[in-house]
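Q: Going by full-length UniProt numbering, the sequence shown wraps up at 102, each residue one higher than the last.
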Amino acid sequence: MSRTSPPASWATTSNSGVNGGLWLQYGNYDVGRWNDAWFDAGGAGLTRVTSTASGKNVHVHTVGASGKVQGSTLVSGPGTFTAWKELPGGLRGTVDVTATSR
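(1) In whole angstroms, what is the alpha-carbon distance linking THR50 and PRO78?
(2) Thinking ALA41 and TRP23 are a contact (beta carbons under 8 Å), I'd like their distance in whole angstroms, please.
(3) Using only the heavy atoms of the ligand GDP, determine whether one of them is closer than 7 Å to the beta carbon of GLY79.
(4) What span of residues does the beta strand (DSSP E) with VAL95 cover, start to end?
(5) So does the stretch 63 to 72 actually touch the stretch 81 to 94, counting three or more Cβ pairs closer than 8 Å?
(6) Does DSSP put ALA65 in a helix, in a strand, or in coil?
(7) Give every residue of the same chain whose Cβ lies closer than 6 Å to the Cβ of THR98, excluding the five residues on either side of it in the sequence, and list them in chain order.
(8) Figure out for me which residue from THR47, ALA53, LYS56 has the closest Cα to the Cα of ALA65.
Structure (structure tokens):
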């Protein structure tokens with residue numbers, strides 16, 4: 001999932017694609033435009049998506065197959081995502097998820 005790192009001043013938007021994976025688009029505030037292409041951040045069967053920032057990283061949480069809550073982190077330095085992992089606790093049947101920063 002390696003890609004060019006986003007610029008210092010950036011935004012993201014996400015979309016659950018036809019493959020049920022997470023697709024991202026980066027925008028550069030400094031030049032006032034979005035990048036030319038979407039990139040696949042992985043995942044499968046993802047429905048609801050939420051995220052929160054911590055430093056230069058973005059923590060993404062989704063509802064996936066069987067209502068399991070999964071998470072991944074965009075590490076913005078190298079521009080890579082960590083592997084998708086189910087959050088501990090064995091929660092099933094989740095229909096929505098929200099992330100907040102403290």
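Quick reminder that beta carbons are idealized off the backbone N, C-alpha and C, glycines included. Fair warning: this is a prediction, and the values are worked out from it, not measured in the lab.
A: Straight from the coordinates:
(1) On the sequence shown, position 50 is the one that residue 50 refers to. On the sequence shown, position 78 is the one that residue 78 refers to. Near 22 Å, if we compare the C-alpha coordinates of PRO78 and THR50.
(2) Numbered from its first residue, the sequence shown carries residue 41 at position 41. Numbered from its first residue, the sequence shown carries residue 23 at position 23. Right, the Cβ-Cβ distance comes to about 7 Å (below 8 Å), so this counts as a contact.
(3) As for the ligand GDP, it is missing from this structure, which has no ligand bound.
(4) Looking up residue 95 in the sequence shown gives position 95. VAL95: not part of any beta strand (DSSP E); DSSP gives it neither H nor E.
(5) Segment contact: the stretch 63 to 72 against the stretch 81 to 94, three or more CB-CB distances shorter than 8 Å; contact assigned.
(6) In the sequence shown, residue 65 corresponds to position 65, counting from 1. Reduced to three states, the DSSP call for ALA65 is helix.
(7) Here residue 98 refers to the residue found at position 98 of the sequence shown. Correct list, in chain order: THR50.
(8) Position 65 of the sequence shown, counting from 1, holds the residue named residue 65. Ranking the options by Cα distance to ALA65, first place goes to THR47.
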